[in-house]
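Working notes, structure below.
In the numbering used here, the protein residues as written are 13 to 67.
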């Protein structure tokens with residue numbers, strides 16, 4: 013799930029070689045909370061990469 017969070021909160025920069033990280037604490041927290049809520053809604057006992065991608 014950590015790799016999915018990293019992928020979700022990283023965007024290509026102005027050049028294809030550069031990645032812009034949006035891994036700020038508030039952004040990570042909001043994404044994790046949304047993933048936990050989604051996991052609870054669909055009945056998944058643990059947040060995994062598929063749940064993070066579904067947010």
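For each residue, glycine too, the CB sits at the ideal point set by N, CA and C.
Just verifying my parser: in three-state terms, what is the DSSP assignment at residue 49?
Counted from its first residue, the chain shown places residue 49 at position 37. Helix at residue 49.
For residue 50, which option in 37, 67, 21, 16 has the closest C-alpha, if you only look at C-alpha atoms?
On the chain shown, residue 50 is found 38 positions in, with the first residue counted as 1. Just measuring C-alpha positions, the residue of 37, 67, 21, 16 sitting nearest residue 50 is 67.
Where residue 20 and residue 65 are concerned, what is the direct C-alpha to C-alpha distance, given to the nearest angstrom?
As a position in the chain shown, residue 20 is number 8, starting the count at 1. As a position in the chain shown, residue 65 is number 53, starting the count at 1. Going by the C-alpha atoms only, they are around 8 angstroms apart.
Straight-line gap, residue 39 to residue 57 (C-alpha atoms, nearest Å):
Position 27 of the chain shown, counted from the start, is the residue given in the question as residue 39. Position 45 of the chain shown, counted from the start, is the residue given in the question as residue 57. When the Cα atoms are used, residue 39 and residue 57 turn out to be separated by approximately 23 angstroms.
Please identify the residue among 22, 32, 62, 24 whose C-alpha is closest to the C-alpha of residue 46.
By one-based count along the chain shown, residue 46 stands at place 34. Cα-wise, what sits closest to residue 46 is 62.
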